[in-house]
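Residue numbers 1 to 155, in the UniProt record's numbering, belong to the letters of the sequence shown in order.
Glycine included, each C-beta is placed from N, C-alpha and C at the ideal position.
Reviewing the structure listed below.
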Amino acid sequence: MPASELRDLRVGIELVWGVAGREIGDALGAADPRQRLRILTETVLQRRAAPDPLAVAAARRLAEPAAKVSTAAADLGISERQLNRRMQNAVGYGPKMLARVARLRRLIVQPDEEPLATRAFAAGYASQAHMNDEVRRLTGLTPVQFLKDATLTAA
Numbered sequence: 001m002p003a004s005e006l007r008d009l010r011v012g013i014e015l016v017w018g019v020a021g022r023e024i025g026d027a028l029g030a031a032d033p034r035q036r037l038r039i040l041t042e043t044v045l046q047r048r049a050a051p052d053p054l055a056v057a058a059a060r061r062l063a064e065p066a067a068k069v070s071t072a073a074a075d076l077g078i079s080e081r082q083l084n085r086r087m088q089n090a091v092g093y094g095p096k097m098l099a100r101v102a103r104l105r106r107l108i109v110q111p112d113e114e115p116l117a118t119r120a121f122a123a124g125y126a127s128q129a130h131m132n133d134e135v136r137r138l139t140g141l142t143p144v145q146f147l148k149d150a151t152l153t154a155a
C-alpha cells in the first residue's frame, strides 16, 4: 500500500495488514507495556518492506542544505514527476515536503546563542522571512515558539 494513501490518517492495523493486523492488535491489547513494545518492534521489523533505493538516495540528497528537487531528480536520472511519485509511494510525501522537513530539522540543531537569521541561513533557508513562513506553515508556531518547544522536548 503506498504511504501516500495513509498520510494524515489514523487507521486500524487490520486495514494495512489484514487478519494478521487484527491478531497483532489483539496480542498488543493483552500485553503489558514492555511486552507491547517488544511485540510491535518485532512485528514491524519482520513485516517491513525493503526501502525503495531510489527514494533513499533522493532523501539523502534532499537532506542537504542547498538541495533542489530538480537537481536531485537529475542526479538520479529521473524526471521530477517520477521522483515525486516514488517519494509519495515510499514515505507519503513529495520531495519538496521532505526538503522542508530536513530544513526544519537542521534549524533545531543550530546553536541557541546564534541570532535567528544566522540559524536560518545555516539551516538552508533563503532568508529569515522564508524560515518564518515555512516554520509557521509546518508547525503552526512562530520560529521562537517552535524552537523553544523543540528544545524542551529534546531535554
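With DSSP as the reference, label residue i as helix, strand or coil.
i, result
"residue 238", "Since the first residue shown for the chain is 1 and the last is 155, residue 238 is missing from the structure and cannot be characterised."
"V11", "coil"
"A126", "coil"
"residue 156", "The chain is shown from 1 up to 155; residue 156 falls before or after that span and cannot be answered."
"S70", "helix"
"E64", "coil"
"D149", "helix"
"I78", "coil"
"A155", "Caution applies to A155, whose pLDDT of 46 falls short of 50 and renders its modelled position unreliable; the value that the coordinates give is listed next. Coil, per DSSP."
"T142", "coil"
"P51", "coil"
"D26", "helix"
Can you find the residues in the same chain that come closer than 6 Å, C-beta to C-beta, to residue i, ignoring five residues on each side of it along the sequence?
i, result
"R22", "E14"
"A122", "Q110"
Relative to the alpha-carbon of residue i, which residue among the options has its alpha-carbon at the smallest distance?
i, options, result
"P148", "L37, L116, Y125, A126", "The amino acid at residue 148 is misidentified as Pro; the sequence shows Lys. Minimum Cα distance to K148 is reached at L116."
"E64", "E5, E114, A99", "A99"
"A150", "D112, R48, L45", "D112"
"A49", "R81, L76, A3", "A3"
"Q128", "L107, T41, L37", "L107"
Going along the chain, which residues of its own chain have a beta-carbon closer than 7 Å to the beta-carbon of residue i, five neighbours each way excluded?
i, result
"G94", "N84, M87, Q88"
"P143", "L116, M131, N132, V135"
"D75", "R61"
Can you list, in chain order, the residues of its chain with a C-beta nearer than 8 Å to that of residue i? Leave out the 5 residues immediately preceding and following it.
i, result
"A155", "Note that A155 has pLDDT 46, beneath the 50 cutoff, so the model's placement of it is unreliable and the number below is only indicative. Here the set comprises nothing."
"L62", "V69, A72, P95, L98, A99, A102"
"I39", "I24, A27, L28, A31"
"V16", "M1, L6"
"A67", "R61, A99, A102, G124"
Exercise. Are the stretch 87 to 97 and the stretch 49 to 69 touching by the rule of at least three beta carbon pairs closer than 8 Å?
Worked result: yes
Problem set entry | Meets three-Cβ-pair contact criterion under 8 Å: the stretch 110 to 128 and the stretch 23 to 31 | no
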